[in-house]
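Here the structure is laid out as structure tokens; the discussion comes afterwards.
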Amino acid sequence: MNAPAAPSAATPAARALYERVSHVITPFEWPDFEADVEAILRLKRERDAIILAHNYQSPEIFHCVADVVGDSLALAREAAKGESRVIVMAGVHFMAETAKLLNPTKTVLIPDPRAGCSLAESIAPEDVALLRQAYPGAPVVTYVNTSAAVKAASDICCTSANAVKVVESLGVPRVIMIPDEFLAKNVAAQTRVEIVAWRGRCEVHEQFSARDIRELREAYPGAVVLAHPECPPEVVAEADFTGSTADMIGYVGRNRPARVALVTECSMSANVSVHYPEIDFVRPCALCPHMKRITLSKIRRALETMQGEVTIDPAIAAAARRAVERMLAL
Ligand code: 13P
Ligand code: SF4
Numbered sequence: 004m005n006a007p008a009a010p011s012a013a014t015p016a017a018r019a020l021y022e023r024v025s026h027v028i029t030p031f032e033w034p035d036f037e038a039d040v041e042a043i044l045r046l047k048r049e050r051d052a053i054i055l056a057h058n059y060q061s062p063e064i065f066h067c068v069a070d071v072v073g074d075s076l077a078l079a080r081e082a083a084k085g086e087s088r089v090i091v092m093a094g095v096h097f098m099a100e101t102a103k104l105l106n107p108t109k110t111v112l113i114p115d116p117r118a119g120c121s122l123a124e125s126i127a128p129e130d131v132a133l134l135r136q137a138y139p140g141a142p143v144v145t146y147v148n149t150s151a152a153v154k155a156a157s158d159i160c161c162t163s164a165n166a167v168k169v170v171e172s173l174g175v176p177r178v179i180m181i182p183d184e185f186l187a188k189n190v191a192a193q194t195r196v197e198i199v200a201w202r203g204r205c206e207v208h209e210q211f212s213a214r215d216i217r218e219l220r221e222a223y224p225g226a227v228v229l230a231h232p233e234c235p236p237e238v239v240a241e242a243d244f245t246g247s248t249a250d251m252i253g254y255v256g257r258n259r260p261a262r263v264a265l266v267t268e269c270s271m272s273a274n275v276s277v278h279y280p281e282i283d284f285v286r287p288c289a290l291c292p293h294m295k296r297i298t299l300s301k302i303r304r305a306l307e308t309m310q311g312e313v314t315i316d317p318a319i320a321a322a323a324r325r326a327v328e329r330m331l332a333l
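Counting the sequence shown from 1 gives a position; this note's numbering is that position plus 3.
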């Protein structure tokens, strides 16, 4: 099918961008985005800014204004090597904090500071201290989906892409792994290291059940099912592959299944399908309300006003940075 015509007022640059996303954004929606896209592209140059966007961002952000896209690990790595003066995080607050930890002298903006995460909300530094008391000597491996204060109370961070590697790198028989109960259980199934878990959950991935996956396979024969490790273990057991958001994208690129179901946040399928229009994406997805707080107009406003700057208490920044850098060094 030919791409629908871009709205007539479009500049050549905006028209080219629209052609890229016309598979997932209708010509009726695009005029709402176009002025913001053009303003953001100009403001990025004027402010010497780059935009880092997580794989769950909406297609008009992911494909039209982001400079770097990826999973939490990739965004942390890119934040560590950025050259620009300003970083805008199109993602949630803990991601912006991680970018700031790795770039203490740069301005890091989050277009909506209320963009949180149910995992980050589930645990405080005092809880980490209690866990250490209960399991003396066990190191604390902390998922990056946490506040800087919790990172500061930890030994090392991990993401869903490297959690098993991080746990095994410590060379101990037991670790405390916070805060995602399901990620901890899914990691425990892949290692001999004993994992002490916390009871945090991702409010998006905890919604999926094994029954959902079985029903999906009946309704969409031949679908290859990829699940995020924040899903319950029963879902992971039913899936054909489990990995971080970037690992799922890598799987699709390498294997090019005719039909695939990404059991994760909704925007992933839309974003990936832009690159693989021939693949049938079944969408058993759920929206992350925190990721969806970030919009084009908020990104534009952040760059215009330079508001939404992320700051980290110097009393915790050094220890939190150490935990993130120790992970990146592996
Ligand atoms: P990834 O690191 O796999 O991108 O996951 C981040 C996240 O918030 C998943 O819910
Ligand atoms: Fe947090 Fe889940 Fe949203 Fe990721 S998808 S930001 S883990 S609530």
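Here a beta-carbon is modelled for each residue, glycine too, at the ideal position from N, C-alpha and C.
Nearest residue (CA-CA) to residue i, options the options
i	options	result
Q210	V196, I198, K188, P236	P236
A322	R195, A118, T29, S157	S157
C120	V40, F284, T308, G203	G203
P317	A152, A17, A16, V196	A152
L290	E206, V91, G256	E206
P34	A52, E63, R50	E63
P128	V143, A118, R117	V143
P309	P116, L173, T29, A19	Note on residue identity: the sequence assigns Met, not Pro, to residue 309. For M309, the nearest C-alpha among the options comes from P116.
A332	K47, K154, A79, P15	A79
D183	S87, A141, A123	A123
G140	P176, N106, K154	P176
M330	E218, H208, K168	K168
A320	E221, A19, G256, T101	T101
A242	R220, P260, R259	R220
Residue range of the unbroken alpha helix (DSSP H) whose run includes residue i
i	result
E241	236-241
M330	317-331
R259	Unbroken run through R259: none, as it is neither H nor E.
I302	299-308
P15	15-24
Q136	128-137
I43	33-50
L122	121-124
V313	Taken as a continuous stretch (DSSP letters only), V313 belongs to no alpha helix (DSSP H), as it is neither H nor E.
N189	184-191
S172	166-172
Cutoff 6 Å; reference residue i; Cβ partners in own chain excluding five residues on either side
i	result
A6	Note that A6 scores a pLDDT of 47, beneath 50, so its modelled location is shaky; the value from the coordinates is reported in the next line. The answer, listed in chain order, is E22, S25.
R324	L104
L134	I179
N148	F97, C120, L122, A123
F65	A56, V72, N274
Own chain, CB closer than 8 Å to residue i, minus 5 neighbours either side, in chain order
i	result
Q60	A69, V72, A93, G94, S270, N274, M294, I297
D74	H57, N58, T162, S163, A164, S247, T248, A249, D250
E81	L55, V71, G73
V2	No answer is possible for residue 2: the residues shown for the chain start at 4 and end at 333.
M4	Residue placement at M4 is flagged as unreliable, the pLDDT there being 41, under the threshold of 50; a coordinate-derived value is accordingly withheld.
L44	A16, V68
Contact test: residue i Cβ vs ligand 3 heavy atom, cutoff 8 Å
i	result
L76	Judged by which ligands are present, ligand 3 is missing from the structure shown, whose ligands are ligand 1 and ligand 2.
N- and C-terminal bounds of the beta strand (DSSP E) containing residue i
i	result
G73	71-73
M180	177-181
I159	159-161
Y146	143-146
Close-in-space but distant-in-sequence residues of the same chain around residue i (CB under 7 Å, 5 per side omitted)
i	result
S272	L265, F284, R286, C288
A191	I198
S172	L333
V89	R50, D51, A52, K109, T110, L112
Subject >> alpha helix (DSSP H) runs contained entirely in the region 197-254, provided each spans 4 or more residues >> reply: 213-222, 236-241
Original post:
Of all the alpha helix (DSSP H) runs that stay within the bounds of the region 58-110, which reach a length of 4 or more residues?
Top reply: 62-65, 75-84, 96-105
**OP:** With a floor of 3 residues, list each beta strand (DSSP E) that falls wholly inside the region 265-303, ordered by position along the chain.
**Re:** 283-285
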